[in-house]
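K.L.:
Mapping the sequence shown onto the numbering used here, position 68 (from 1) lands on 120, and the numbers just tick up by one. Glycine included, each C-beta is placed from N, C-alpha and C at the ideal position.
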Amino acid sequence: MEAQSTKEFKITMKETDMLNAWLWDKHREDLQWRRVRLGVLPTKEMARMYMTILRWADAIVIHDGVVYIVEAKLRAAPGAVGQLKLYKKLLGNTLEFKQYWNWPVQMLLLSSVMDLNMAELASDEDIAFEVFTIEDVNRVRLETMQPVLMK
């Protein structure tokens, strides 16, 4: 009989891990939605086809009278800036958020690493750039009794 080999399993961080930990740590008491469809709803007949082209923000948070549109990236790239700008525009056409159409909107790019070039680009476009590292995620995971993640 062959001896069973023991494999070491690593749990690595995903964008959703970072986003969920950040929301728990920073916005636990705030109204929030995750994986938010933005834009005009298609007709029922076209809905299936539109599912591939609809835009989805990672999160929307209401905090102190401001609507935050959040895009989470493990390593932020310039394309995320364009995504956030589009999401801000689409928010004004999303019927589910009609009550917030006249509220101030702040775009926020969440990243697990500091990239000075991306932080500067985000700032130039009036986008907040926030870093939430794997150490921050693991601190939250320990507080909530979840397994820690490996680098």
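(1) From what residue to what residue does the beta strand (DSSP E) around Asp110 run?
(2) Helix, strand or coil for Ala64, going by three-state DSSP, please let me know.
(3) Is it right to say Lys95 is buried, meaning 16 or more other beta carbons lie within 10 angstroms of its own, or is it exposed?
(4) Is Lys125 helix, strand or coil by DSSP?
(5) CB-CB under 7 Å to Ile186, same chain, minus the five flanking residues each way: which ones, in chain order?
(6) Quick check on the burial criterion: 16 or more other C-beta atoms within 10 angstroms. Buried or exposed for Met70?
(7) Quick one: what does DSSP say Phe181 is sitting in, helix, strand or coil?
(8) Would you mind giving the Cβ-Cβ distance between Val192 and Ala73, rounded to the nearest angstrom? I have them listed as a contact below 8 Å.
(9) When you measure from the CB of Arg89 to every non-hydrogen atom of the ligand MG, does any distance come out below 8 Å?
(10) Pairs of beta-carbons, one from the stretch 78-87 and one from the stretch 164-179, closer than 8 Å: are there three or more?
(11) Could you check whether the stretch 141-154 touches the stretch 125-133, counting it as contact only if at least three pairs of C-beta atoms, one from each stretch, sit closer than 8 Å?
P.N.:
With the given structure in hand:
(1) It spans 107-115 - the beta strand (DSSP E) in which Asp110 sits, taken as one unbroken run.
(2) Contrary to the premise, residue 64 reads as Thr rather than Ala in this sequence. The three-state reading of DSSP puts Thr64 in strand, counting E and B together.
(3) Inspection of the sequence shows that residue 95 is occupied by Thr rather than by Lys. By the 10 Å Cβ count, Thr95 comes out exposed.
(4) Of the three classes helix, strand and coil, the one that applies to Lys125 here is strand, per DSSP.
(5) Short of 7 Å from the beta carbon of Ile186, and not among the five residues preceding or following it, lie these beta carbons of its own chain, in chain order: Met65, Ser164, Leu201, Lys203.
(6) In summary, Met70 is buried, with 16 or more beta-carbon neighbours lying within 10 Å of its beta-carbon over all protein chains present.
(7) Phe181: strand per DSSP, three-state reduction.
(8) Sure, about 4 Å apart at Cβ, within 8 Å.
(9) Of ligands this structure carries none, so the ligand MG is not represented either.
(10) Taking one beta carbon from each stretch, the stretch 78-87 and the stretch 164-179 have fewer than 3 pairs nearer than 8 Å; the two do not touch.
(11) The stretch 141-154, when compared against the stretch 125-133, does not touch it at the 8 Å Cβ threshold.
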